[in-house]
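In the working numbering, the protein residues as written are 1 to 255.
Virtual Cβ for every residue (Gly too), placed ideally from N, Cα, C.
Here the structure is a predicted model, which is why all the values come from computation and not from measurement.
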Ligand SMILES: [Zn+2]
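Next up, the structure:
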C-alpha cells in the first residue's frame, strides 16, 4: 500500500545567519528558513511528522522557560500553529493517530501539546539526550516543549532502529544521527514517488549537496554519514526534502 499524499504545513519563517544553518557558507547573509511539519495521509490513518514551533513560546519566551530565545524572536514570523493549519486543511488534531518526531529541537517539537490523543514515536536516544544535553546543546531543547511526553496521559513509543509504521513499507522512520544523537528521518511511499522527509539531516539543499552540517550540529562526522545515506536514496530516485530550505518546503505546502 502507499500513502495518499503529503501535506506540508509551515508553522513559521525563522531568519538566521546562513552560516549557522550551513556552516562556513554565505557568512553574514540571511536565510529565511521555513519551520515546517508534514501530514501524511494514509488509508489506515493520519501521521504527522514533527510539530513545528510553539507560538506560545514565540509570544512569551521567558514565561515559557526559555528566556535565551528572546534575542531570536525578532527573526521569527509565525505562520499559524500546527493545529490551526490542520484545521485549515479540514482535519482536526484529534484525527492524527501518530506523531513521529525527527528530534526534539525547539523548531520541531513545539506543538506536542496539541495532540494528547496521539501516539508519539521518538528515538530512545533523543528522549534521553533532550533531557540531559551536553554543553550548549541545551539552547535548542526547551523542556516545556516535550515535558508532556512524560505525562501518563501521553503515549510514547520509543524506537531504536528502523520503524515501519503501517507494516507495509509506506511510512518508515530510520535513524539519521548527527544533527542530534537521536535524529530520525521518514521515508514515504506515494503512488509513483518516494519522498524522504529528512528534517535536519541538512538545513538546505546546498548544505546537503556540499555536505555541510549546521554549525551547532551534535556530531559533524555522523551528520556527514547521514547526509550520504540520504543522498544515496536521492540517487535511487527519491525526492529529498530538508526542513529549512524554503524552496523545497514551499513546493509541498497546502493541500
Ligand atoms: Zn534541529
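- Put simply, the backbone Cα of residue 103 is about 27 Å away from that of residue 1.
- Those residues that have a beta carbon less than 5 Å away from any non-hydrogen atom of ligand 1 are, in order along the chain, 105 and 200.
- Going by beta carbons, residue 65 and residue 11 fall outside the 8 Å limit.
- Ranking 7, 57 and 110 by CA distance to the CA of residue 73 puts 57 first.
- Pairing residue 180 with residue 132 gives a Cβ-Cβ distance that is not under 8 Å.
- Looking at the DSSP output, residue 49 bridges to 38 and 100.
- Burial check for residue 164: the Cβ neighbour count within 10 Å stays below 16, so the residue is exposed.
- Three or more beta-carbon pairs separated by less than 8 Å link the stretch 193-201 to the stretch 228-243, which places the two stretches in contact.
- Burial state of residue 200 is buried, judged by a 10 Å Cβ sphere holding 16 or more other Cβ atoms.
- Note that the C-beta distance between residue 122 and residue 84 is not below 8 Å.
- Here residue 105 is not near residue 49, since their CB atoms are 8 Å or more apart.
- Of the candidates 167, 183, 154 and 138, 183 places its Cα closest to the Cα of residue 160.
- DSSP places residue 178 outside both helix and strand once states are collapsed to three, so it counts as coil.
- Rounded to whole angstroms, the gap between the alpha carbons of residue 36 and residue 114 is 16 Å.
- Taking C-beta atoms as the reference points, residue 34 and residue 224 fail to come closer than 8 Å.
- Residue burial is scored here from C-beta neighbours: residue 222 has at least 16 other C-beta atoms within 10 angstroms and is therefore classed as buried.
- With a cutoff of 8 Å on beta-carbon distance, residue 215 and residue 92 are scored as not near each other.
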